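Read through the structure below, which is laid out as structure tokens, and then see the notes.
There are 4 protein chains.
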Amino acid sequence: MNTFGRILRISVFGESHGGAVGSTLDGVPPGIPLSEADLLPDLQRRKSGATGTTPRQEPDLPKIVTGVFQGHTTGAPLTILFENTNTRSRDYRQFVESPRPGHADFVAQRKYGGFQDYTGGGHFSGRVTLGVVAAGAIAKKILAPATITSEVLEIGGQKDYAEVLAAAVEAHDSLGGIIQIRVDGLPVGLGEPFFDSAEARLAHAVFSVPATRGIEFGTGFPAARMKGSEHNDPIVDAQGTTATNHAGGINGGITNGNPVVFRVAVKPTSSIGRPQQTMNFAQGGVQEMLVEGRHDSCIALRIPPVLEAVTALVLADLKLVAQGTAPFAPAGE
Amino acid sequence: MNTFGRILRISVFGESHGGAVGSTLDGVPPGIPLSEADLLPDLQRRKSGATGTTPRQEPDLPKIVTGVFQGHTTGAPLTILFENTNTRSRDYRQFVESPRPGHADFVAQRKYGGFQDYTGGGHFSGRVTLGVVAAGAIAKKILAPATITSEVLEIGGQKDYAEVLAAAVEAHDSLGGIIQIRVDGLPVGLGEPFFDSAEARLAHAVFSVPATRGIEFGTGFPAARMKGSEHNDPIVDAQGTTATNHAGGINGGITNGNPVVFRVAVKPTSSIGRPQQTMNFAQGGVQEMLVEGRHDSCIALRIPPVLEAVTALVLADLKLVAQGTAPFAPAGE
Amino acid sequence: MNTFGRILRISVFGESHGGAVGSTLDGVPPGIPLSEADLLPDLQRRKSGATGTTPRQEPDLPKIVTGVFQGHTTGAPLTILFENTNTRSRDYRQFVESPRPGHADFVAQRKYGGFQDYTGGGHFSGRVTLGVVAAGAIAKKILAPATITSEVLEIGGQKDYAEVLAAAVEAHDSLGGIIQIRVDGLPVGLGEPFFDSAEARLAHAVFSVPATRGIEFGTGFPAARMKGSEHNDPIVDAQGTTATNHAGGINGGITNGNPVVFRVAVKPTSSIGRPQQTMNFAQGGVQEMLVEGRHDSCIALRIPPVLEAVTALVLADLKLVAQGTAPFAPAGE
Amino acid sequence: MNTFGRILRISVFGESHGGAVGSTLDGVPPGIPLSEADLLPDLQRRKSGATGTTPRQEPDLPKIVTGVFQGHTTGAPLTILFENTNTRSRDYRQFVESPRPGHADFVAQRKYGGFQDYTGGGHFSGRVTLGVVAAGAIAKKILAPATITSEVLEIGGQKDYAEVLAAAVEAHDSLGGIIQIRVDGLPVGLGEPFFDSAEARLAHAVFSVPATRGIEFGTGFPAARMKGSEHNDPIVDAQGTTATNHAGGINGGITNGNPVVFRVAVKPTSSIGRPQQTMNFAQGGVQEMLVEGRHDSCIALRIPPVLEAVTALVLADLKLVAQGTAPFAPAGE
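Protein chains in written order, with the working numbering: chain D, 2 to 334; chain L, 2 to 334; chain X, 2 to 334; chain R, 2 to 334.
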């Protein structure tokens, strides 16, 4: 359930306050130059520290335990570990009795029968995305020369969001935002009709990232209000370049050579430092709670490298599959 | 690539103008009462006929070829076939030379090296969703007593869309729309954190349906503009009922007992009867084209039962997985 | 559960006395020349008719319903159907009450709660291998120029088995046999260490064929009685040719360029025309039963093309995966 | 490629001389009591030390990094690590130029283009089975009250093998052997017809273990020389108990309630301390080589707990799937 991909396959594991979080990436072609330093730029971008992010500071140094030899991938699976060091002891047990609104406390208690690791969010923690970002940095190398970029379009509804962000931090409240991902330089032909469509696989991966609430490709929801004569992208050259890119670079589930563009809605962080209402299961009845601790006021600010990573993982996998199923050249030709 | 699911698994096959389209559904528990008549209501809702839908009329009668015995599922895979009868001979070959904007003509030619079935959209045709709707009707039985409903929220940007639809048909143009899906009566606990999250799997399935451009759960994109104190859903009873449902019935990837609600953006149909610009690959250079034929002016009107079907397939699969991985009761207890 | 493969994936469906049996083959590269006639030679070899095979005669004519266009594969899934025509009405219901020894009657009743199709073996029938043989014929084309051959090494313990076979038919009894499969011309490098090892995948596929009891690669069980100095195959040229082939063409799970060789033990057909002992569940207690009907006295005679087919399916899949994960050539080199 | 299973899924990773070896086990039900101490007995049985096993001594202490909380499984994936400590520096590079007969040196060089980790066998090393044994110990808890036992039937062809083993060690040669696995107490109904048959899945897992050359279920290869009237197992009571167990506890791919019994042929260890012939790729031409180092003279002596582990992993997975797909009880009944 924690694995994704057909040839290039990522598995994630770990808990926020356990020994470690990490991932295993299988199906990586041999011969890719790789060191731990190559993973740092994306991990650095994911780190907290800026206004609106949690004061919990972890070094987040990746350790590539397997699958690299003499500076290159070997073809064997890569396991990448991140130790948890800055775990703070506190009474998380209260969230089993009084689940925090917006969090997985209630569903975890019911699904796992009380056996879930409830400290710091356990396996639901955003820290598990560390392994995703590290694996994504490798996938980006497979996907080259195509490149992935991300942009924070708005936070709290504002393009210039410094002010609303400061206000939310001040109010112990949180904000959401909208992130745009763009992939340039993709070949024509990645993805399949139906269940392995590029959009289907990308959407699957994006919604695997905690806090995502929506995704739209190309023109997206506004496309539902256009006429076909406006929305269809005219093809203007033999490479498939289109005059517009309402389709977001994908037709029939398959990349068409134009930039793949999609936007992701990120909800306001569930952890807030304001009074909230919930059930008290031990005593029965509704109660008011106040959650203290170290929070991100706006997880949308840290999510862009995670979204880039899952994008890279999906498209690199589709690239390897496309190499495997290229049109047939009979023996002897 | 045409298969989806972990225990309950659907495979689709077929082409618009080939011998048949259909699907195989594996992992169906034995003992579910089933006849072909049970599939007809959803298939009927998917049929064309109304204003804004194609004049091509197919009987769309399902034939359950395998997996049913004496009126019940047997536990063996069900294969369901739909014969193609009303195929109209015409010059589809022209769309290889001059690919239709918005269609998969160009990417198919490049990906499949010219070997794709280009008649009537081939395997990219919406007719392939017949097998999905039939399989979904079976999945709904597995998912009972939970129920799935759909609603056309708007067409061409209008809640009362009759007028804009008539205008689009008149103009040989097309319209998109927004569909809402709602699932009531789900148990707490379907879905997993990360790659098997309920949202991830649902989004995957929804984007497997041709013409989808966006999906949002619960409050969706507007959630990105809310504060956490507004967005968090207070829990008000021991069943997990929440005062609001901004989360769309899912926390941490797992159903929380509230209705699962999401909206899907459907693009305006690519097939329009108006002049469009494209490349002519045989002669080189850009040319104007006019596509004649039988089209849906608004595929969004026919897509609701398809979206219900993929929703049922995903949630029924998650239900079977949840049954398989229930909390451990040691032997002897 | 009825699907196998990573890129090249076969799904089987159908029952002996239902409407049809067949298979869907997904992941087939586009551009392979293919007609139904191409499937007939292997299907013909699988047919009954010779001494020791069932008198039930079916035309076994394949119908490729999808995935082929203008004489070539399209890249879309191929569904191949075989109608059941020569089904004979009889009282199979008795085998639910008194399960036949060696058959799946008892386990099916318990596993499927009485809902299984019990006529003619239902989904357990060897007729389901028709779809496997048809798909295998396509896989052989992907695998070319490598070639697969099979040999009946012995029947009833005899290399010259005509006499023991005639005696078994006369006695209404049945015989088993040992089949050898050999694949020549494989490239070096198919398969992976551990769970996708060539032996692991081949053994999986072979034991999916009803009536198989054992498999051994290269020298097989006798290798367990050799010394390493005898068993290790000396490498004698740069192509990896070895002086001996005790390893059966596979090292570390990966093909080494030598012929892949394995042997399969096939049990004597469970259906015999002699009195046997079983339970009578309706009345309680043990009873003697005599199963009448049309049987193969020796299924081992019809199984060789089935074993060739699963061999082709596995190795063609590994070939496509190997194409997808070839050593990395960085962009620009 | 390093992952196996449908619900209960194991992934292995690591190299003999890298930082660590280990595994991740996903799909484990929550609530199973578990500590690292629970893994030690099977790991201890796998260790070297006895006559005929390598003098390399590793502590082989498992570290459960994730997925356990307060002494129970949580439902999240378990990652188990084993550090490599006793790695001995030597010139493994020579085996790239002159691949050792029987080893994966040649195929690895060709498949991975020279990027494989060639030290100590790299990812092909038997050390990777440590993670399998640890995961298997957890699977055994899921499978309880069913129990798995193993027996060394013969080494070097001898039931009383002390003498031949001592002679092989003295001669710097190696021996193979035959191991029998037996599972008692299984419920009726695990496994599926065709590709998820119990035999197919077990054989897949067994051949994933390095050094295996053959497998046979029940009576196995000798069954090919029996008559059906001898081989069919008469059913003697309502639990499906059979008078004989030629079928090895499986009919039609499904467990029948009798003990599951199979035998595995293990080849003589490829590493021997005697002169062997191979190619020298750097200089061209055939050369004689003598491989020094620490070897197991008989890996068959250490393999039984590994075979038990893969058996447990397969059957526990089939058990969880069977729970998920139990016969249908309609809502309200």
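Every residue gets a Cβ at the ideal spot worked out from N, C-alpha and C, and that includes glycine. For clarity, every value in this text was computed on a predicted model and none was experimentally measured.
{"Item": "If I measure Cβ to Cβ from S49(X) and keep anything under 6 Å in the same chain, skipping five residues before and after, which residues do I get?", "Value": "T55"}
{"Item": "Within 9 Å (strictly less), CB to CB, does S12(X) reach chain L?", "Value": "yes"}
{"Item": "In chain order, what residues of the same chain have a beta carbon less than 8 Å from the beta carbon of M227(R), not counting five sequence neighbours either side?", "Value": "T220 and H247"}
{"Item": "Leaving out the 5 sequence neighbours to the left and right, which residues in its chain are closer than 6 Å to G123(D) when beta-carbon positions are compared?", "Value": "E16 and Q117"}
{"Item": "Run the proximity test for L35(L): is its beta-carbon closer than 8 Å to any non-hydrogen atom belonging to the ligand SAH?", "Value": "Absence of the ligand SAH is noted for the structure shown, with no ligands found whatsoever."}
{"Item": "Does the CB of D118(D) have a neighbour CB from chain R at under 9 Å?", "Value": "yes"}
{"Item": "Where DSSP assigns a beta bridge to F218(D), which residues make up the other side?", "Value": "F263(D)"}
{"Item": "If you measure from the beta carbon of N87(R) to each beta carbon in chain D, is any gap under 9 Å?", "Value": "no"}
{"Item": "Report the residue ranges of all alpha helix (DSSP H) runs contained in full by the stretch 131-217 of chain L; include only those spanning at least 4 residues, in chain order.", "Value": "163-171 and 199-208"}
{"Item": "Excluding five sequence neighbours on each side, which residues of the same chain lie with their C-beta closer than 8 Å to the C-beta of L291(X)?", "Value": "G274, R275, P276 and Q277"}
{"Item": "On a CA-only basis, which of A145(L), N281(L) and T130(L) is nearest L187(L)? Give me that one, please.", "Value": "A145(L)"}
{"Item": "Could you check which residue in I216(L), H296(L) and N85(L) has the C-alpha nearest to that of G1(L)?", "Value": "With chain L represented from 2 up to 334, any question about residue 1(L) goes unanswered, as that position is not in the structure."}
{"Item": "Note down, in chain order, all residues in the stretch 12-44 of chain D with a beta-carbon under 7 Å from any beta-carbon belonging to chain C.", "Value": "No chain C is part of this structure, whose protein chains are labelled D, L, X and R."}
{"Item": "Short of 6 Å in beta carbon distance, which residues of its chain neighbour F107(X), apart from the five on each side in sequence? Order them along the chain.", "Value": "P100"}
{"Item": "At what residues does the alpha helix (DSSP H) containing Q278(L) begin and finish?", "Value": "First-last for Q278(L): Q277 to M280, but that is the beta strand (DSSP E), not the alpha helix (DSSP H)."}
{"Item": "Look at L314(R) and G6(R) and say whether their C-beta atoms are less than 9 Å apart.", "Value": "yes"}
{"Item": "Is there a Cβ from chain X that is less than 9 Å from the Cβ of V322(L)?", "Value": "no"}
{"Item": "Just verifying my parser: in three-state terms, what is the DSSP assignment at V322(L)?", "Value": "helix"}
{"Item": "Out of I143(X), R91(X) and D92(X), point me to the one whose CA is closest to L26(X)'s CA.", "Value": "I143(X)"}
{"Item": "Near V66(L), which residues of its chain fall below 6 Å by C-beta distance, leaving aside the five closest residues on each side in sequence?", "Value": "T80 and L82"}
{"Item": "On a CA-only basis, which of T243(X), D238(X) and R183(X) is nearest R264(X)? Give me that one, please.", "Value": "R183(X)"}
{"Item": "If we cut at 9 Å on Cβ distances, does P211(X) have a partner in chain R?", "Value": "yes"}
{"Item": "Name the one or two DSSP bridge partners that R10(R) has.", "Value": "D27(R)"}
{"Item": "Could you say which of N281(D), D92(D) and H205(D) lies nearest to A239(L) if we only look at CA atoms?", "Value": "N281(D)"}
{"Item": "With DSSP as the reference, please indicate the residues paired to V22(X) in a beta bridge.", "Value": "G15(X) and F83(X)"}
{"Item": "If we count Cβ pairs, one from each stretch, closer than 8 Å, do we get three or more for the stretch 207-215 of chain D versus the stretch 194-208 of chain L?", "Value": "yes"}
{"Item": "Could you compute how far the alpha carbon of F208(L) sits from the alpha carbon of V189(X)?", "Value": "39 Å"}
{"Item": "Can you check whether the C-beta of R47(L) is within less than 9 Å of a C-beta belonging to chain D?", "Value": "no"}
{"Item": "So, is the C-beta of H247(D) closer than 9 Å to a C-beta in chain R?", "Value": "no"}
{"Item": "At 4 residues or longer, and completely inside the stretch 35-98 of chain L: list those alpha helix (DSSP H) runs for me, N to C.", "Value": "41-47 and 95-98"}
{"Item": "Output yes if chain R places a C-beta closer than 9 Å to the C-beta of F329(L); else output no.", "Value": "yes"}
{"Item": "Straight-line CA distance for A172(L) to G157(D)?", "Value": "40 Å"}
{"Item": "Give the single residue among L191(L), K141(L) and Q288(L) whose Cα lies nearest to the Cα of T279(L).", "Value": "Q288(L)"}
{"Item": "Name the chain X residues that come within less than 7 Å of Y113(L), Cβ to Cβ?", "Value": "P31, T75 and G76"}
{"Item": "Whose CA, out of G20(D), G19(D), G28(D) and H18(D), lies closest to the CA of T4(D)?", "Value": "G28(D)"}
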